[in-house]
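So the structure is just underneath, and the comments pick up after that.
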Amino acid sequence: MWSAIKSALTGDSDRRVAPRVAALGTVTIDSSKFTLENWSQSGILISGHDGRLIKGQKFKMTVEVQDDARVIVFTAEAVVVRTAGDKLAAQFYRIDKHKKQAIVEYFARKTAGR
11 MWSAIKSALT GDSDRRVAPR VAALGTVTID SSKFTLENWS QSGILISGHD GRLIKGQKFK
71 MTVEVQDDAR VIVFTAEAVV VRTAGDKLAA QFYRIDKHKK QAIVEYFARK TAGR
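Numbered according to my numbering, the sequence shown spans residues 11 to 124.
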C-alpha cells in the first residue's frame, strides 16, 4: 500500500490507461507533421515537437497510422499531458466518431495475446 502511495506522489507509476502500440505514422498539428512514436486508444506520443504546445494545452490534429496494407486516418482533439525534449504525449478527448470502430478493431488485433 505504501509503495502505491509513494509512486502516486512521486509520479513513478505508469499513468497510461490503455496499452500502447508502436506504429508507423504521422500526426499533423496545424500544418506541421510529426512522427508518431506510439499510440493507444487513449492518446499518442510524437517526436519532433518544437515546443509550441505546452502541458494542459488543447489542440486539434490529424492522425495517420499504417496498418498492414491500409492506412487509418482520423481527426481528433487532445490535451497535452507531458513534454520532454522533442517528445509530446497527449490524451484524446474527442475522436472522429466514424473512425472510432476502426481504431477499436486495430487495437483488438494488435494487443491480442498480451
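A virtual CB, placed ideally from N, CA and C, is assigned to each residue, including glycine.
Please specify which runs of the beta strand (DSSP E), each continuous and at least 3 residues long, are wholly inside the region 32-94, giving them in chain order. 35-39, 42-49, 53-57, 68-77 and 80-94
Determine the closest residue to G58 out of G66, R104 and T45, with distance taken between C-alpha atoms. For the residues G66, R104 and T45, the minimum Cα distance to G58 belongs to T45.
Q101 - partner residues in DSSP beta bridges: Under the DSSP definition of a beta bridge, Q101 partners with G53 and V89.
So, is R62 buried or exposed, given that buried needs 16 or more other C-beta atoms within 10 angstroms? exposed
Could you tell me how far apart the beta carbons of V180 and F117 are, in whole angstroms, since I believe they sit closer than 8 angstroms? Residue 180 is absent from the model: the chain starts at 11 and stops at 124.
Label A79 either buried or exposed according to how many other C-beta atoms from any shown protein chain fall within 10 Å of its C-beta, with 16 as the threshold for buried. exposed
Is A99 closer than 8 angstroms to L55 when the C-beta atoms are compared? yes
Nearest-angstrom Cα separation, counted from K110 out to S9: With the chain represented from 11 up to 124, any question about residue 9 goes unanswered, as that position is not in the structure.
Run through DSSP, which three-state label would R119 get? helix
Consult DSSP for K107 and reduce its assignment to one of helix, strand or coil. Three-state DSSP puts K107 in coil, outside helix and strand.
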